[in-house]
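All the letters of the sequence shown, read from the start, carry residue numbers -31 to -1, 1 to 353 under mature numbering (1 follows the signal peptide of the UniProt record, and there is no 0). Working notes, structure below.
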Amino acid sequence: MALALRIMSRLGIAAVTGVLLAGAFSAPGQAADPTPTVVGGTQAAQGEFPWMVRLSMGCGGAMYTEQIVLTAAHCVSGTGANTSITATYGVVDLQSTSAIKRTSKYVLQAPGYNGTGKDWALIQLASPITGASLLKLNTDIANDNGTFDIMGWGAATEGGGQQRYLLKARVPFVDDTTCKASGGSYSGLVVAEEICAAYPQGGTDTCQGDSGGPMTKVVNGVPVQIGIVSWGEGCARAGKPGVYTQVSNFAAAIKAAADSIGGTVPPGGCGKSFTNATDVAIPDNTTVTSSVAASGCTGNASGSATVAVDIKHTYRGDLVIRLIAPDGTSYLLEDFPNGDSADNVLKTYTVNLSSEVANGTWKLSVQDTASADTGKIDSWTLTV
Ligand code: ARG
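Right, here's the structure in full:
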């Protein structure tokens, strides 16, 4: 039973209609009450959590840049162009006519996400929300304690309906050891990637439909994002904490991913260049390689990656040039006609590497197919 619940809450915003904060709003009308007499959530004031976003698939999110919303990986179906999501910003009342809405254009799901940990994703909007309030990522694990703010339009009771008005609550940090010992699915807690929060007695929690929304804390007067609503067994149950993606662990990866989709580099690209300028001799009838180690990228290489080569050779018709990806896939860059008697290759090739993971060891392979003329790889630069 516990496992079934966990699978439900992990796979499924869609499968589970509800979502949100703890507590016990018993009827939608009560959510509008500024001082609800219930355990758990209360209504947030307009502007209290100005970065907060509602996503149309039934999740929350936070503005990370004017054009990128940070949410949960389990709220999206994968990485790629996506115009199916509507983001609603700037209101606590989802029916307000002053709501600012944007359609998605691209979704980047955390690389390596497989349902356990790594529960983060970026949604790039079709156009920026100029002047939007942005929520900073926590980059310091020392902040991962104390009391946190949680907020969302999800269910106000386990199994309950979604809310029209944004609800908020406060929950204390639960250490990894205690959280992991909470029975059932909690034994699978990925301690480096997940952070838990709840009162031991329960009663206050995020719930279905809050997923993807932020868990925050004010640090030196500035709100920072500590977590992303991820999962829990039921909602607000005693001894069953809410589990959140631990943002401090992913802040660098999230930033790199946002840079990769926000800049001029095509989606999936990293934009970094790697050069090997050590000479490699090209003897007759031999294949030689020169390597570069790409690092610091998130996700796949660019759909328009470039390979700039500087090869010295006395008869380039002898040469076949390939790029070998970290996984061994070979991309033919050029097979010069045997009769091409020109010297040297000083040329930049554009290659679609969007199906390749950017990080790793890439090789330039140069094959000499004849006798009599030789040369060297002088240098080459890969931009992924
Ligand atoms: N997975 C849920 C969602 O998709 C969020 C569950 C949070 N549960 C909890 N008990 N804190 O909305």
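Heads up, the beta-carbon is just placed ideally off N, CA and C, and yes, glycines get one too.
Length of the line joining the Cα atoms of Gly47 and Ala101: Roughly 26 Å separates the two Cα atoms.
Beta bridge counterpart(s) of Leu292 as assigned by DSSP: Tyr300, Leu333
Quick check on Thr350: does DSSP put it in helix, strand or coil? strand
Are at least three pairs of beta-carbons, each pair with one atom in the stretch 210 to 227 and one in the stretch 165 to 172, less than 8 Å apart? Result yes; three or more Cβ-Cβ pairs closer than 8 Å.
Asp179 versus Ala205, Lys186, Val187, residue with shortest Cα-Cα distance: Ala205
heavy atom of the ligand ARG below 8 Å from His43 C-beta: yes
How would you label Val191, buried or exposed, when you count the other beta carbons within 10 angstroms and need 16 or more for buried? exposed
At which residues does the alpha helix (DSSP H) containing Thr317 begin and terminate? Where Thr317 is concerned, there is no enclosing alpha helix (DSSP H), although the beta strand (DSSP E) it sits in stretches over 314 to 320.
C-alpha gap between Thr34 and Asn114, whole angstroms: Approximately 26 Å, taken between the alpha carbons.
Is Glu35 near the ligand ARG, judged by its Cβ being under 8 Å from some heavy atom? Taking 8 Å as the cut-off, the C-beta of Glu35 does not count as close to any heavy atom of the ligand ARG.
At the level of alpha carbons, what is the spacing between Thr40 and Gly329? 27 Å
Taking the alpha-carbon of Ser273 as reference, which of Trp331, Asp304, Cys239 has the nearest alpha-carbon? Cys239
Could you compute how far the alpha carbon of Ala50 sits from the alpha carbon of Thr85? 24 Å
Say yes only if the C-beta of Trp122 is nearer than 8 Å to one or more non-hydrogen atoms of the ligand COA, and no if none qualify. Ligands in the displayed structure: the ligand ARG; the ligand COA is not one of them.
Should Val198 be counted as a contact of the ligand ARG given a C-beta to heavy atom distance under 8 Å? yes
How long is the line joining the alpha carbons of Gly(-9) and Ser324, rounded to whole angstroms? A caution first: Gly(-9) carries a pLDDT of 36, below 50, which makes its placement in the model unreliable, though a value can still be read off. Their Cα atoms are separated by approximately 45 Å.
For the 8 Å Cβ check, are there 3 or more pairs between the stretch 332 to 348 and the stretch 291 to 298? Touching, per the Cβ criterion.
Rounded Cβ spacing between Gly129 and Gly29 (contact assumed at less than 8 Å): Under the criterion of beta carbons closer than 8 Å, Gly129 and Gly29 do not qualify as touching, at roughly 16 Å.
Proximity below 9 Å, CB of Asn107 to CB of Ser217: yes
Going by alpha carbons, who is nearest to Tyr134 out of Gly268, Ala14, Asp253? Ala14
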